[in-house]
């Protein structure tokens, strides 16, 4: 009798185990664990190292927890010096402000150039639309680095842009365009333009055209129907496009490094130099943490707009 | 729409397209320039292509990059498909909001932050667990898989969102187990998205400079790292030739993909009406 009940209980136990959706849990856990390990935890490590001191060692930072063998004490030291230095020194503050400024102005111009293109694509015939969309997507698939490099070739003192300006008589001697802030703006607008056009197109394509007809029937002038009907309806696309350009542009390294001058101050470049040239890992980490804090609000915003779209 | 505004619109967009394409076309033309002074025209020549293929450093870096891109894109497609599927088809579970945040954030995260944080993680892991021993192909593959995964997940998720669930529901009603439902119904339906995601991941991995610079070890330069170190010193004609080859390869792939998709949609339209 006893044996039977245990057996039955055992079988019941197994059935209970079978009810746990193991497959479902595995399917959820695999991508989750990967992202936790290689996306989320790294930020904690950055935060930890930003609180340690630079040291001449391998790796070049001091541990937070240290066993002092002479006094047998476990010492725990947090060093806020990196953060204090970030705020005290004009240099870092200027770099953050200048990155935000450069990214914001570039985003504005990307919107200005991208909007008419997105509008035209959304309003063209299906076959034409596919071709135009392909023309927008194609640069997005070709190498970012090589597209930045293409501007290096064009903007040199003996490059094509200077040649054309000389030929048309707009200038009478070559001007410095490469290694200026202007070249950085140009580079950002150029490389991030597809990121602006695609979300704009997506929201303009969904728009009900009869609304514009209605506005014009009611006597709205074209510019009025544009500002009062088209723009508000394209709001979601405008916000998504602007964030997709602005956020990565703030931390951009390649464009200021190749097109900017030595005085073009951007925070991504500061982080890079702090890490690769000064080998000050804790300071580079503190710069990264501050950059994340600056960007966390727009990043959350993008997530929420994604959710709404779902 | 009024005719006048339409002409203005066409002109503005035309200027936009010229802006998008002029630099690329100029680069292609210059790659056939015989002169060593990149911007002075010295007649047509293929000599920079010959130089390119005899450049050991570029060729070995290109091979390393292709290997990394292939492995990362494949891993990212598997993980990204799972993530996209979980986010759009599974009912609420603990941590779903967190997962959705972890999938979207890498898309916009500045590369310097991703690169630095992964490098510090690898150094930390090596100190504590002795793994990964040093940095090289493995660490670059892990880094690339992580950020490419996000792109695949988003592509798959949007495909699933636009997909009619009735087929899946019908299979479930007929008693299909979750696993066979996924492999027999869902997977074939989202396979175009997975292929697109794989291609996107492949090109993104092939193109990444910043993250690879942080996480690769000495002597393990990827192609963008070699290109960057060359063009930093100035304009290099071999890089023009390399750029032309890459642009032509990518353009052909994109055009082929669009033609196939266009045919497919026309075929579907015909069958539906």
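Protein chains in written order, with the numbering used here: chain C, 4 to 313; chain V, 932 to 1204. Positions of the beta carbon are idealized from the N, C-alpha and C atoms, including for glycine.
Span of the alpha helix (DSSP H), counted from its first residue to its last, around residue i
i: residue 145 (chain C); result: Careful: residue 145 (chain C) lies outside any alpha helix (DSSP H) and carries neither H nor E.
i: residue 1011 (chain V); result: 987 to 1020
i: residue 85 (chain C); result: 84 to 91
i: residue 1155 (chain V); result: 1154 to 1163
i: residue 205 (chain C); result: 184 to 208
i: residue 1118 (chain V); result: 1118 to 1138
i: residue 240 (chain C); result: 238 to 253
i: residue 29 (chain C); result: 25 to 38
i: residue 213 (chain C); result: 213 to 220
i: residue 262 (chain C); result: 257 to 262
i: residue 232 (chain C); result: Residue 232 (chain C) -> no alpha helix (DSSP H), and no H or E assigned at all.
i: residue 1145 (chain V); result: 1141 to 1146
Which of helix, strand or coil DSSP assigns to residue i
i: residue 57 (chain C); result: strand
i: residue 1058 (chain V); result: helix
i: residue 972 (chain V); result: coil
i: residue 64 (chain C); result: strand
i: residue 281 (chain C); result: coil
i: residue 123 (chain C); result: helix
i: residue 99 (chain C); result: helix
i: residue 1096 (chain V); result: coil
i: residue 1111 (chain V); result: helix
i: residue 161 (chain C); result: coil
i: residue 173 (chain C); result: coil
i: residue 1040 (chain V); result: coil
i: residue 1166 (chain V); result: coil
i: residue 131 (chain C); result: helix
i: residue 1151 (chain V); result: coil
i: residue 1031 (chain V); result: helix
i: residue 1063 (chain V); result: coil
i: residue 178 (chain C); result: coil
i: residue 269 (chain C); result: coil
i: residue 1207 (chain V); result: Look at the range of chain V in this structure, 932 to 1204, and you will see that residue 1207 (chain V) is not part of it.
i: residue 223 (chain C); result: coil
i: residue 138 (chain C); result: helix
i: residue 1046 (chain V); result: helix
Proximal residues to residue i (C-beta, below 6 angstroms), its chain only, five neighbours per side dropped
i: residue 282 (chain C); result: 63
i: residue 1010 (chain V); result: 1080
i: residue 1025 (chain V); result: none
i: residue 177 (chain C); result: 160 and 165
i: residue 1038 (chain V); result: 1081
i: residue 1085 (chain V); result: none
Same chain, Cβ closer than 8 angstroms to residue i, neighbours up to 5 away in sequence not counted
i: residue 284 (chain C); result: 52, 57, 62, 63, 64 and 278
i: residue 955 (chain V); result: 1178
i: residue 46 (chain C); result: 295
i: residue 1094 (chain V); result: 1120 and 1121
Neighbourhood of residue i by C-beta distance below 7 angstroms, restricted to the same chain and skipping five residues each side
i: residue 1043 (chain V); result: 1141
i: residue 287 (chain C); result: 274, 277 and 278
i: residue 229 (chain C); result: none
i: residue 118 (chain C); result: 203
i: residue 988 (chain V); result: 1157
i: residue 1074 (chain V); result: 1049, 1142 and 1146
i: residue 980 (chain V); result: 1172
Beta-ladder partner(s) of residue i, from DSSP
i: residue 964 (chain V); result: V:975
Cβ-heavy atom distance, residue i to the ligand FMN, below 8 angstroms
i: residue 162 (chain C); result: The ligand FMN is not part of the structure shown, which contains no ligands of any sort.
Given a limit of 7 angstroms on CB to CB distance, which residues of the segment 152 to 167 of chain C reach chain V?
-> 152, 153, 154, 155, 156, 157, 159, 161, 162 and 163
Residues in the segment 31 to 58 of chain C with C-beta within 7 angstroms of chain V's C-beta atoms, listed in sequence order?
-> 31, 33, 34, 35, 37, 38, 41, 42, 43, 44, 45, 46, 48, 49 and 52
Near-chain C residues of the segment 991 to 1014 of chain V - C-beta to any C-beta below 8 angstroms | 1010, 1011, 1013 and 1014
Using a beta-carbon distance cut-off of less than 9 angstroms, what residues from the segment 1068 to 1081 of chain V approach chain C?
-> Going along the segment 1068 to 1081 of chain V in chain order, one finds 1073, 1074, 1076, 1077, 1078, 1080 and 1081 with a Cβ nearer than 9 angstroms to chain C.
Select from the segment 1124 to 1144 of chain V all residues with a C-beta closer than 7 angstroms to any C-beta belonging to chain C, and list them in chain order.
-> 1134, 1138, 1140 and 1141
Going along the chain, which residues of the segment 1172 to 1185 of chain V sit with their C-beta nearer than 7 angstroms to a C-beta in chain C?
-> Those residues of the segment 1172 to 1185 of chain V that come within reach of chain C (Cβ to Cβ, closer than 7 angstroms) are 1174, 1177, 1178, 1181, 1182 and 1185.
According to a CB-to-CB cut-off of less than 7 angstroms, which residues of the segment 89 to 120 of chain C neighbour chain V?
-> 116, 119 and 120
Name, going along the chain, the residues of the segment 264 to 289 of chain C whose beta-carbon falls closer than 9 angstroms to a beta-carbon of chain V.
-> 270, 271, 272, 274, 275, 278, 279, 284, 287 and 288
Which residues, in chain order, does the segment 176 to 187 of chain C contribute to contact with chain V at a C-beta distance below 7 angstroms?
-> From the segment 176 to 187 of chain C, no residue has a Cβ closer than 7 angstroms to chain V.
Residues in the segment 233 to 267 of chain C with C-beta within 8 angstroms of chain V's C-beta atoms, listed in sequence order?
-> Against chain V - using a Cβ distance shorter than 8 angstroms - the residues of the segment 233 to 267 of chain C are 246, 247, 250, 251, 253, 254, 255, 256, 257, 260 and 261.
Which of the residues in the segment 1094 to 1114 of chain V, read from start to end, lie with their CB under 8 angstroms from any CB of chain C?
-> 1109 and 1110
Scan the segment 936 to 949 of chain V for residues whose Cβ lies nearer than 7 angstroms to a Cβ of chain C and list them as they occur along the chain.
-> 936, 940, 941, 943, 944, 947 and 948
Please name the residues in the segment 1030 to 1044 of chain V whose beta-carbon is closer than 9 angstroms to at least one beta-carbon of chain C, in chain order.
-> Per Cβ criterion, the list reads 1030, 1031, 1032, 1033, 1034, 1035, 1036, 1037, 1038, 1039, 1040, 1041, 1042, 1043 and 1044.
Using a Cβ cut-off of 9 angstroms, which residues of the segment 191 to 202 of chain C contact any Cβ in chain V, in chain order?
-> Taking 9 angstroms as the upper bound on Cβ-Cβ separation, chain V lies near residues 192, 193, 196, 197 and 200 of the segment 191 to 202 of chain C.
Scan the segment 202 to 230 of chain C for residues whose Cβ lies nearer than 7 angstroms to a Cβ of chain V and list them as they occur along the chain.
-> 225
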